[in-house]
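S.K.: Take the sequence shown: its position 109, counted from the start at 1, is 947 in the numbering used here, and no numbers get skipped.
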Amino acid sequence: MNMIRGLSVRTYGNLKHQPLVFLHGFPLSQSMWNKQIQEFEQDYYCVTPDFRGLGESVPSTGLHTMEGFADDILFLIETLDLHKPVLCGLSMGGYAALRIAERAPEVFSGLILCDTKSSSDPDEVKLKRAAAIKRIQQDGAEGYIREFVHGIFYPSFLENHFAEFDRYVAQWVKNPPEGVIGALLAMMGRTDTTEALKNFTFPVLCICGAYDAMTPPSVMKDLARLAPQGEYYEVPEAGHMSPLENPEAVNNKIQEFLRRISGK
Ligand code: MLT
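(1) What's the gap between the Cα of methionine 870 and the Cα of valine 987?
(2) Give a yes or no on whether the C-beta atoms belonging to leucine 1061 and leucine 1035 are separated by under 8 Å.
(3) Between the C-alpha atoms of histidine 862 and arginine 1063, what's the straight-line distance to the nearest angstrom?
(4) Give every residue of the same chain whose Cβ lies closer than 7 Å to the Cβ of phenylalanine 1000, excluding the five residues on either side of it in the sequence, and list them in chain order.
(5) I need the DSSP call for glutamate 1128, collapsed to helix, strand or coil.
(6) I need the boundaries of the beta strand (DSSP E) containing glycine 1068, first residue and last residue.
(7) For proline 1055, which option in Pro897, Gly978 and Ser1080 has the closest C-alpha, if you only look at C-alpha atoms?
(8) Could you have a look at serine 1100 and say whether DSSP puts it in helix, strand or coil?
(9) For the pair the segment 913-926 and the segment 869-885, tell me if three or more CB-CB distances fall below 8 Å.
(10) To the nearest whole angstrom, what separates the beta carbons of serine 846 and aspartate 888, a pair I think is in contact under 8 Å?
(11) Taking only three categories from DSSP, how would you classify threonine 1032?
(12) Identify, in the order they occur along the chain, each residue of the same chain with its Cβ nearer than 6 Å to the Cβ of methionine 1058, setting aside the five sequence neighbours on each side.
(13) How would you call methionine 839, buried or exposed, if buried means at least 16 neighbouring beta carbons within 10 angstroms?
(14) Select from Gly948, Phe1003 and Gly927 the residue whose C-alpha is nearest the C-alpha of serine 956.
(15) Run the proximity test for phenylalanine 864: is its beta-carbon closer than 7 Å to any non-hydrogen atom belonging to the ligand MLT?
(16) Within its chain, find whatever has a CB closer than 8 Å to the CB of glutamate 905; leave out the 5 residues flanking it on each side and keep chain order.
(17) Cβ-heavy atom distance between histidine 988 and the ligand MLT below 7 Å?
(18) Give the secondary structure of methionine 839 by DSSP, where H, G and I count as helix, E and B as strand, and everything else as coil.
(19) Glycine 989 to alanine 1051, Cα distance in whole Å?
(20) Among Gly1017, Gly1068 and Gln1009, which one has its Cα closest to the Cα of asparagine 1037?
(21) Quick one: complete alpha helix (DSSP H) runs, 4+ long, within the segment 945-1004?
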């Protein structure tokens, strides 16, 4: 594991291969990409950072913005000297990926958006996040994280893979309250990146769990339609955490997309 300006960054595979940068969702950590790393580390150079304040990144003040998250990821791409990476983000990681690609489109050769959206928070979501911040300040983060992650997984994944789910949650509940609050503030204050999609000249793959209630298929189909080289894929038997809930389907689709980018 490397520390790059306080960000914990894991790298897998051969630096000479096409780089893939994976950005995790809220309030998780890079560990959510384990099943993609197993699949892609052989043929790609995989990079999985923890966002500032989460996972194994250094404890933070909790005063975070999406711009700060974007600064961090662009800095790590430059520091690791990654050439034309493909950027892949889930949900909050997708919000960051969209903003990063809007700021520096020339850096990337492709974008993979999993279970995410380009709109900013409407007022009712801002109020929910403010209530979450108050709760975490009063009671700590653990109860909130447990409840939140239960809500984002596809119910039948929870029934059939409870031990696996439990192992992940045991890691994620260690996220410090300041980091979780910081991520909520960053999401609350993020900009709308819808217009940017129209200008992306690289291929964009939009992946969505068929039962994703948070960022439903209709929303992700629209994202794919906006991007000139956009493609939509619906993941069967999956909700908001499709790369973890149905890794086989997601990995196959990503493989096909990467072959399209590399012309193999
Ligand atoms: C996530 O999965 O990253 C979050 O659900 C995103 C959000 O709360 O908007």
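Yeah, the Cβ is synthetic: ideal placement off N, Cα and C, and Gly gets one too.
M.R.: For this structure:
(1) Each residue's alpha carbon lies about 12 Å from the other.
(2) yes
(3) 24 Å
(4) none
(5) Nothing in the structure corresponds to residue 1128, since the chain is present only between 839 and 1102.
(6) 1068-1073
(7) Ser1080
(8) Helix, per DSSP.
(9) yes
(10) 5 Å
(11) helix
(12) Cys1044 and Cys1046
(13) exposed
(14) Gly927
(15) Relative to the ligand MLT, the nearest heavy atom lies less than 7 Å away from the CB of phenylalanine 864.
(16) Arg937
(17) no
(18) If DSSP states are grouped into helix, strand and coil, methionine 839 belongs with coil.
(19) 10 Å
(20) Gly1068
(21) 961-977, 980-990 and 993-998
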